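Numbers 40 to 257, taken from our numbering, label the letters of the sequence shown in order. Just so you know, even glycine gets a beta-carbon here, dropped at the ideal spot from N, CA and C. Bear in mind that the values here come from a model prediction, so they are computed numbers and not experimental data.
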Amino acid sequence: MFATIRGRVQFPKLVSVALLVIVAVVAMVASTGTAHAGLDNEKSASDRSGHQLTVQQWDTAVHAVPPMDKNRLTREWFYSGKAAYRVTGAGAETFSGTLEFGYQIGIPWTVGVGLNFTYTTPNVQAYDAPAADLSQAVLTPNLFPGASISTDIGNSPGVQELVTFAVPVSGHGGAVAVAKAHGTVTGVAGGIQVRPFARLTWPDHASITTYGDLTNVD
Numbered sequence: 040m041f042a043t044i045r046g047r048v049q050f051p052k053l054v055s056v057a058l059l060v061i062v063a064v065v066a067m068v069a070s071t072g073t074a075h076a077g078l079d080n081e082k083s084a085s086d087r088s089g090h091q092l093t094v095q096q097w098d099t100a101v102h103a104v105p106p107m108d109k110n111r112l113t114r115e116w117f118y119s120g121k122a123a124y125r126v127t128g129a130g131a132e133t134f135s136g137t138l139e140f141g142y143q144i145g146i147p148w149t150v151g152v153g154l155n156f157t158y159t160t161p162n163v164q165a166y167d168a169p170a171a172d173l174s175q176a177v178l179t180p181n182l183f184p185g186a187s188i189s190t191d192i193g194n195s196p197g198v199q200e201l202v203t204f205a206v207p208v209s210g211h212g213g214a215v216a217v218a219k220a221h222g223t224v225t226g227v228a229g230g231i232q233v234r235p236f237a238r239l240t241w242p243d244h245a246s247i248t249t250y251g252d253l254t255n256v257d
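Given below as structure tokens:
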């Protein structure tokens, strides 16, 4: 079973915003995680205008931590990373689209209750800088919009996709950095897996998505 849940926080480029992801589902938490430095993954495609479009994830870090509620069926983690895009070809500077960030969450078995997804913005900042320059970025939280979404997948395994924010972008390249986004999941039996993704879409509804590594949260 596969479901997509979209909750978007839109903000203009060069504006700092905060973004915290809290996903409710159940399992047991381990303080393990994955972290990479530099370019982790990317995907490229061409549009009908002949542009070459690339979306990337940089400096991805997903760390599972013990749940604060001490519930043996709760999982909790923190995420940091950068999503970047690049457009090449004639007229690349006129490109406009949307850069999205989110998670896929693999759920082995539910306990017959609805899944609750709640998030507020963590440390998120959009840049017009090339991805290679993002190591110099300073992140500062300032706004805390939030949302809550519920779904019921029944007593069966499944994958939930959560788009946590969508940033309007334009020009030949840019990036969004996220620092210490927070996630929890409650309502599922067994461990879960978390996989971050970045997606670039453009006006003709085409899109490309790059996926990070799976992290076990169990």
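Top-ranked residue by Cα proximity to residue i, from the options
i      : options                           : result
ASP86  : VAL104, THR127 and THR99          : THR127
ALA3   : VAL233, GLY222, GLY210 and ILE144 : With the chain covering only 40 through 257, there is no way to say anything about residue 3.
TYR142 : ALA228, MET107, GLY222 and ALA216 : GLY222
VAL208 : VAL233, TRP241, ALA218 and ASP108 : TRP241
LYS109 : GLN232, VAL233, VAL224 and ASP252 : VAL224
THR113 : ILE231, VAL198 and GLY197         : ILE231
LYS121 : VAL256, THR99, MET107 and PRO106  : THR99
LYS82  : ALA205, ALA214 and ARG238         : ARG238
VAL256 : ILE146, LEU78, ARG125 and GLN95   : ILE146
GLY212 : ALA218, GLY136, VAL206 and ARG125 : ARG125
C-alpha gap between residue i and residue j, whole angstroms
i      : j      : result
GLU132 : ALA245 : 18 Å
GLU200 : THR93  : 21 Å
ALA66  : LEU138 : Any reading at ALA66 is ruled out, since the residue's pLDDT is 26, under 50, leaving its predicted position unreliable.
VAL233 : PHE134 : 31 Å
VAL198 : ILE144 : 6 Å
VAL217 : PRO106 : 21 Å
TRP116 : ILE247 : 26 Å
PHE140 : ALA214 : 11 Å
PHE204 : GLY136 : 14 Å
PRO39  : ALA220 : This structure cannot speak to residue 39, because the chain is shown only from 40 to 257.
GLN95  : VAL206 : 15 Å
VAL62  : VAL202 : Since pLDDT at VAL62 reaches only 33, below the 50 mark, its modelled position is unreliable, and no value is offered.
Integer Cβ distance of residue i from residue j, believed to fall under 8 Å
i      : j      : result
PHE236 : THR249 : 7 Å
TYR118 : VAL101 : 5 Å
ASN80  : GLY226 : Incorrect: roughly 29 Å between the Cβ atoms, too far for contact.
ALA228 : TRP148 : 5 Å
Residue i burial status per 10 Å Cβ neighbour count (16 or more: buried)
i      : result
ARG111 : exposed
ASP243 : exposed
GLY77  : exposed
Quick one: any contact between the stretch 81-95 and the stretch 114-129, if contact means 3 or more CB pairs under 8 Å?
Yes: the two stretches touch, three or more of their Cβ pairs being nearer than 8 Å.
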